[in-house]
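Trainee: In the working numbering, the protein residues as written are 324 to 667. Before we start, here is the structure in question, set down as structure tokens.
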Ligand SMILES: Cc1cc2nc3c(=O)[nH]c(=O)nc-3n(C[C@H](O)[C@H](O)[C@H](O)COP(=O)(O)OP(=O)(O)OC[C@H]3O[C@@H](n4cnc5c(N)ncnc54)[C@H](O)[C@@H]3O)c2cc1C
Ligand code: FES
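If you want it as structure tokens, here you go:
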């Protein structure tokens with residue numbers, strides 16, 4: 324049975340099935356209602372019921388006081404009629420609570436010679452709400468931090484998916500490749516950053532990723548397809564050689580499935596035997612060559628700082644609006660930068 328939910332504070336409406344929670348239905352339709360634990364313990368998701376009837380199949384959540392009145396724990400409540408709720412929607416990174424959490428490396432899988440897929444599992448009673456494209460930091464025992472982008476979309480928050488490139492001589496990424504075992508215990512902080520999909524824009528989107536810079540863009544794209552964004556989206560993915568296109572088949576599949584999506588892989592340094600017929604050179608040059616006038620586009624860029632720094636002026640020279648360009652530069656960690664500065 325299907326009912327309708329109205330969020331009176333925003334005017335958003337979405338259908339809900341009798342067997343799902345209000346929160347699950349909202350997230351399924353790309354509506355950012357606030358949440359934390361998703362198991363009725365923290366109270367982050369409490370909303371006010373203005374109209375309608377609901378029930379709690381697993382019993383009344385402990386977080387509700389006896390005099391809770393018309394307060395509703397939306398991560399546990401199911402609808403038994405059409406509903407009107409008032410609740411503040413999550414619209415910007417400031418609206419999301421940044422948490423420090425333990426987690427497990429549930430799955431480690433080599434995606435290429437130097438990229439590892441790491442799937443992090445949070446404790447049963449915890450979830451991390453995030454915007455597609457944000458990142459987390461690993462908090463290391465010695466106090467250092469290492470940043471990695473979240474490569475999955477928020478509606479699939481059971482795991483956090485990361486694509487970790489092995490930095491030659493890198494202490495943390497070396498550990499991930501050489502020593503870390505499945506189910507290793509780690510500590511993370513997040514979600515962080517303001518690099519996320521601006522869903523309220525209907526302008527065509529250009530995305531440019533360098534190497535593992537594809538990771539946050541993958542999360543954004545999965546979110547965009549899930550919520551049905553229908554403006555044209557063109558992804559440019561720049562790597563050195565064919566072996567670095569560690570998930571080439573996924574955007575190729577998306578291109579078949581979504582008429583508004585196109586994909587251009589670009590190799591800067593093809594190897595002998597790559598037999599490459601596609602674009603070559605710098606990924607930014609491929610994008611600039613394809614779009615003479617960038618004034619109507621939203622542009623998302625992530626990857627090596629040098630890629631982003633060198634692309635910015637050229638994009639602006641071709642009309643890109645500074646306030647419509649969003650980027651995450653994969654900078655060295657602050658302790659490494661300090662060392663580089665000290666050594667002149
Ligand atoms: C917001 C943000 C998001 C990020 N997302 C991702 C991601 O999704 N996937 C990913 O693979 N990386 C990502 N990075 C980069 C990642 O944080 C670094 O590669 C990581 O900190 C390296 O840690 P390490 O301890 O292995 O190397 P360190 O021991 O810190 O460094 C060893 C040496 O490697 C070099 N080095 C360090 N960092 C980098 C770097 N970023 N690029 C090139 N050389 C470096 C330096 O010469 C340094 O002396 C992101 C960075 C930021 C800031
Ligand atoms: S009570 Fe924690 S998210 Fe609902």
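Every residue gets a Cβ at the ideal spot worked out from N, C-alpha and C, and that includes glycine.
Who's in the neighbourhood of ligand 2, going by beta-carbon under 6 angstroms from any heavy atom, listed in chain order?
Mentor: 358, 359, 360, 361, 363, 364, 365, 366, 367, 368, 386, 396, 398
Trainee: Does the beta carbon of residue 566 fall short of 7 angstroms from some heavy atom of ligand 1?
Mentor: Residue mapping note: residue 566 aligns to position 243 of the chain shown, counting from 1. No, the Cβ of residue 566 stays beyond 7 angstroms of every heavy atom of ligand 1.
Trainee: Just verifying my parser: in three-state terms, what is the DSSP assignment at residue 335?
Mentor: Along the chain shown, read from residue 1 onward, the residue named residue 335 stands at position 12. Correct three-state label for residue 335: coil.
Trainee: What residue does the alpha helix (DSSP H) around residue 628 start on, and which one ends it?
Mentor: Translated into the one-based positions of the chain shown, residue 628 becomes position 305. Its alpha helix (DSSP H) spans residues 628-640.
Trainee: At a threshold of 7 angstroms, does residue 508 count as lining ligand 1 (C-beta to nearest heavy atom)?
Mentor: Reading the chain shown from its first residue, position 185 is the one you call residue 508. Because no heavy atom of ligand 1 lies under 7 angstroms away, the Cβ of residue 508 does not count as near it: no.
Trainee: Counting along the chain, where does the alpha helix (DSSP H) carrying residue 574 start and finish?
Mentor: By one-based count along the chain shown, residue 574 stands at place 251. Start and end: 572-580.
Trainee: Exposed or buried, which one is residue 266 when buried takes at least 16 other CB atoms within 10 Å?
Mentor: What the structure shows of the chain is the stretch from 324 to 667, and residue 266 is not part of that stretch, so it cannot be assessed.
Trainee: From 527, 395, 493, pick the residue whose C-alpha is nearest to that of residue 659; which is it?
Mentor: One-based indexing of the chain shown puts residue 659 at position 336. Residue 659 has its Cα closest to that of 493, out of 527, 395, 493.
Trainee: By DSSP, does residue 478 sit in helix, in strand, or in coil?
Mentor: Working through the chain shown from its first residue, we reach residue 478 at position 155. Three-state result, residue 478: coil.
Trainee: Going by DSSP, what residues sit across from residue 470 in a beta bridge?
Mentor: In the chain shown, residue 470 corresponds to position 147, counting from 1. In DSSP, residue 470 forms a bridge with 460.
Trainee: Classify residue 617 as buried or exposed, calling it buried when 16 or more other Cβ atoms lie within 10 Å of its own Cβ.
Mentor: By 1-based counting over the chain shown, the position of residue 617 is 294. Classification of residue 617: buried, given that the 10 Å Cβ count is 16 or more.
Trainee: Under 7 angstroms from any heavy atom of ligand 3, does the C-beta of residue 627 make it?
Mentor: With respect to ligand 3, the structure shown offers nothing to examine, as its ligands consist of ligand 1 and ligand 2.
Trainee: Can residue 489 and residue 496 be called in contact, C-beta distance under 8 angstroms?
Mentor: By one-based count along the chain shown, residue 489 stands at place 166. By one-based count along the chain shown, residue 496 stands at place 173. Contact: yes.
Trainee: Can you determine whether any heavy atom of ligand 1 sits closer than 7 angstroms to the C-beta of residue 281, and answer yes or no?
Mentor: Not covered by the structure: residue 281. The range shown for the chain is 324 to 667.
Trainee: CA-CA distance, residue 427 and residue 641?
Mentor: Counting from 1 along the chain shown, the entry for residue 427 is found at position 104. Counting from 1 along the chain shown, the entry for residue 641 is found at position 318. Computed Cα separation, rounded: 45 angstroms.
Trainee: Is residue 577 near residue 590, with beta carbons less than 8 angstroms apart?
Mentor: Counting from 1 along the chain shown, the entry for residue 577 is found at position 254. Counting from 1 along the chain shown, the entry for residue 590 is found at position 267. In this structure, residue 590 does not lie closer than 8 angstroms to residue 577 by Cβ.
Trainee: Assign residue 508 to buried or exposed, taking buried as 16 or more other Cβ atoms, counted over all protein chains shown, within 10 Å of its Cβ.
Mentor: Indexing the chain shown from 1 puts residue 508 at position 185. Taking every protein chain shown into account, the CB of residue 508 has fewer than 16 other CB atoms within 10 angstroms, so this residue is exposed.
Trainee: Please indicate yes or no: does the CB of residue 429 lie closer than 7 angstroms to some heavy atom of ligand 1?
Mentor: By one-based count along the chain shown, residue 429 stands at place 106. It does not: the Cβ of residue 429 is nowhere closer than 7 angstroms to a heavy atom of ligand 1.
Trainee: Would you kindly work out how many angstroms separate the C-alpha atoms of residue 346 and residue 397, rounded to a whole number?
Mentor: Within the chain shown, the letter at position 23 stands for residue 346. Within the chain shown, the letter at position 74 stands for residue 397. The straight-line gap from Cα to Cα measures roughly 5 angstroms.
Trainee: Quick check on the DSSP output: what are the complete beta strand (DSSP E) runs of length 3 or more inside the stretch 508-547, in order along the chain?
Mentor: 528-533
Trainee: Using only the alpha-carbon positions, how far apart do residue 454 and residue 653 sit?
Mentor: Reading the chain shown from its first residue, position 131 is the one you call residue 454. Reading the chain shown from its first residue, position 330 is the one you call residue 653. When rounded, the distance between both Cα atoms is 18 angstroms.
Trainee: Quick one: what's got a C-beta closer than 8 angstroms to residue 325's C-beta in the same chain, skipping five residues either side?
Mentor: Residue mapping note: residue 325 aligns to position 2 of the chain shown, counting from 1. Excluding sequence neighbours, residue 325 sits near 338, 339, 340, 341.
Trainee: In its own chain, which residues sit with a C-beta less than 7 angstroms from the C-beta of residue 540, not counting the 5 before and 5 after it?
Mentor: Locating residue 540 in the chain shown gives position 217, where the first residue counts as 1. Same-chain partners within the cutoff: 530, 532, 558, 623, 625.
Trainee: If you reduce the DSSP assignment to three classes, tell me which class residue 598 lands in.
Mentor: Mapped onto the chain shown, residue 598 falls at position 275. The answer is coil: DSSP assigns residue 598 none of H, G, I, E or B.
Trainee: Please report how far the alpha carbon of residue 457 lies from the alpha carbon of residue 374, in whole angstroms.
Mentor: For the purposes of this step, residue 457 is taken as the residue at position 134 of the chain shown. For the purposes of this step, residue 374 is taken as the residue at position 51 of the chain shown. Each residue's Cα considered, the two are about 35 angstroms apart.
Trainee: Where do the N-terminal and C-terminal ends of the beta strand (DSSP E) with residue 559 fall, by residue?
Mentor: Position 236 of the chain shown, counted from the start, is the residue given in the question as residue 559. That run of the beta strand (DSSP E) goes 556-562.
Trainee: Grab me the residues of residue 393's own chain with a C-beta within less than 7 angstroms of its C-beta, minus the 5 sequence neighbours each way, in chain order.
Mentor: Residue mapping note: residue 393 aligns to position 70 of the chain shown, counting from 1. The answer, listed in chain order, is 371, 372.
Trainee: Check each candidate in 395, 527, 416 and name the one with the smallest Cα separation from residue 385.
Mentor: On the chain shown, position 62 is the one that residue 385 refers to. Selected option, being the one with the closest Cα: 395.
Trainee: For residue 327, which residues does DSSP report across the bridge?
Mentor: Within the chain shown, residue 327 is the residue found at index 4, counting from 1. Note: residue 327 sits in a beta bridge opposite 338.
Trainee: Note down the Cα distance separating residue 588 from residue 350, rounded to an integer number of angstroms.
Mentor: Reading the chain shown from its first residue, position 265 is the one you call residue 588. Reading the chain shown from its first residue, position 27 is the one you call residue 350. Going from the Cα of residue 588 to the Cα of residue 350 covers about 31 angstroms.
Trainee: Let me check you understand the geometry: is the CB of residue 540 closer than 7 angstroms to at least one non-hydrogen atom of ligand 1?
Mentor: In the chain shown, residue 540 corresponds to position 217, counting from 1. Outside the cutoff, so no.
Trainee: How about residue 656: is its Cβ closer than 7 angstroms to a heavy atom in ligand 1?
Mentor: Against the chain shown, residue 656 aligns to sequence position 333. Closer than 7 angstroms to some heavy atom of ligand 1: that describes the Cβ of residue 656.
Trainee: Output the boundary residues of the beta strand (DSSP E) element that contains residue 495.
Mentor: The sequence position of residue 495 within the chain shown is 172, counting from 1. Residue range 494-501 is occupied by the alpha helix (DSSP H) that includes residue 495, with no beta strand (DSSP E) assigned at that position.
Trainee: For ligand 1, any of its heavy atoms closer than 7 angstroms to the Cβ of residue 465?
Mentor: Numbered from 1 along the chain shown, position 142 holds the residue referred to as residue 465. Relative to ligand 1, the beta carbon of residue 465 is positioned no closer than 7 angstroms to any heavy atom.
Trainee: Taking three-plus beta-carbon pairs below 8 angstroms as touching, is the stretch 566-576 in contact with the stretch 433-441?
Mentor: Yes, the stretch 566-576 is in contact with the stretch 433-441.
Trainee: Hey, quick one: how far does the alpha helix (DSSP H) through residue 351 stretch, first residue to last?
Mentor: Within the chain shown, the letter at position 28 stands for residue 351. Residue 351 -> alpha helix (DSSP H) spans 345-351.
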